[in-house]
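Residue numbers (my numbering), protein chains in the order written: chain A, 343 to 474; chain B, 7 to 116.
Quick reminder that beta carbons are idealized off the backbone N, C-alpha and C, glycines included.
Bear in mind the structure is a predicted one, so any value in this text is a computation, not a measurement.
I have placed the structure first, in the form of structure tokens, so that the comments after it can refer back to it.
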Amino acid sequence: MNVLIVEDEFISRILLLELLQSYGNCTIATSGREALEVLRRAYRDNDPFDLVCLDIVMPGMDGQRVLLEMRRMEQEQCRDALEATPVFMVTTLDDSYNITKAFAEGYCQAYLTKPVNRDKLTYHLRECRLVH
Amino acid sequence: MSDNVPRQQIHSYLCTQFSLKVEQVDALLPGFLTTLATHLANVEQAWGGGELIALSKAAHTMKGALLNLGLTDAAELAQQIEIHGRENDRAIDYAALVAELRSNLADLLP
């Protein structure tokens, strides 16, 4: 499994990496803009990620905008819903506005509030059939 | 392992919450605590700059780190700063909150 972790904060990033690297290869982006560059390259190379873990509050472009832009890139590539890359939001924001926006507009697969633990993560990976 | 109880609590929390081995946490913890000190310095600097939105953002960043380290009391303080700062609430004693945050972390930070 190839995972893109988008997280600007060091501790959160390292701990998410520790959780996910046992499942596959992890690529790191520390900002929304960097994430979009990485995603653009992946789609261009026809080598999309299997999972994106996306923080919301980041300097510059926030995760909600990244998610919308990512879905737009997928549409441009004529990727339908079945081919859309699963996205887990990983954030401290637990308000209904952000949760609703991520699911309803960004079509994320999971919305995880920090701290994320291994059990929580594994549950959602299994729900998305990314792991057995 | 030192006699620092708060550090031991974080160590135990990380092992449990993230299923990390003792030696993994031993390797990660010093860098985490240095990062935490940097986050606190950023909060203090933002407060010194007088811009509540910047203070709110710095507090939000720190809150995420604190939650991941199991430091829920400190995270609550950071959240208060974040929320009130975002609402541009000038009635709040941010100096006291920031000082309390530093005091709460005093036993941990290098």
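Would you list the one or two residues that DSSP bridges to residue i?
i              : result
F430 (chain A) : A:C395, A:A452
C368 (chain A) : A:V345
From residue i to residue j, what distance separates their C-alpha atoms?
i              : j              : result
L20 (chain B)  : D99 (chain B)  : 33 Å
E93 (chain B)  : L46 (chain B)  : 21 Å
D404 (chain A) : K443 (chain A) : 13 Å
L42 (chain B)  : L463 (chain A) : 24 Å
A452 (chain A) : E469 (chain A) : 9 Å
E82 (chain B)  : Q51 (chain B)  : 20 Å
R108 (chain B) : A102 (chain B) : 10 Å
Q363 (chain A) : A60 (chain B)  : 33 Å
L39 (chain B)  : P116 (chain B) : 7 Å
I441 (chain A) : T455 (chain A) : 10 Å
M7 (chain B)   : M412 (chain A) : Residue placement at M7 (chain B) is poorly supported in this model, since its pLDDT is 39, which falls under 50; the coordinates still yield a value, given next. Rounded to the nearest angstrom, the two C-alpha atoms are 45 Å apart.
K69 (chain B)  : N344 (chain A) : 28 Å
R414 (chain A) : F352 (chain A) : 28 Å
R471 (chain A) : C395 (chain A) : 15 Å
T434 (chain A) : D389 (chain A) : 30 Å
A71 (chain B)  : F430 (chain A) : 19 Å
S62 (chain B)  : L26 (chain B)  : 31 Å
Does any CB atom of chain B fall closer than 8 Å to the CB of residue i?
i              : result
F290 (chain A) : This structure cannot settle anything about residue 290 (chain A), because the visible part of chain A is limited to 343 through 474.
V348 (chain A) : no
E360 (chain A) : yes
L393 (chain A) : no
K456 (chain A) : yes
L357 (chain A) : yes
R468 (chain A) : no
T372 (chain A) : no
V408 (chain A) : no
T369 (chain A) : no
Q451 (chain A) : no
T434 (chain A) : yes
If we define contact as Cβ-Cβ less than 8 Å, is residue i a contact residue for chain A?
i              : result
N110 (chain B) : no
H17 (chain B)  : no
Q14 (chain B)  : no
H90 (chain B)  : no
What does residue i reach in chain B if we use C-beta pairs closer than 8 Å?
i              : result
R383 (chain A) : What R383 (chain A) touches in chain B: nothing, since even the nearest Cβ is about 27 Å away.
I353 (chain A) : F38, T41, L42, G70, A71, N74, L75
T427 (chain A) : By Cβ distance, chain B contributes nothing, its closest Cβ being about 23 Å from T427 (chain A), past 8 Å.
Listing by chain order, which chain B residues have their CB less than 9 Å from the CB of residue i?
i              : result
V399 (chain A) : K63, H66, T67, G70
N459 (chain A) : T22, Q23, F24, S25
Going along chain A in order, which residues have a C-beta closer than 9 Å to the C-beta of residue i?
i             : result
L34 (chain B) : I353, I356, L357, E360
With a threshold of 8 Å, are at least 3 pairs of Cβ atoms found where one atom belongs to the region 357-376 of chain A and the other to the region 403-418 of chain A? yes
Could you check whether the region 15-30 of chain B touches the region 63-80 of chain B, counting it as contact only if at least three pairs of C-beta atoms, one from each stretch, sit closer than 8 Å? yes
Quick check: the region 27-34 of chain B against the region 410-420 of chain A, are at least 3 beta-carbon pairs closer than 8 Å? no
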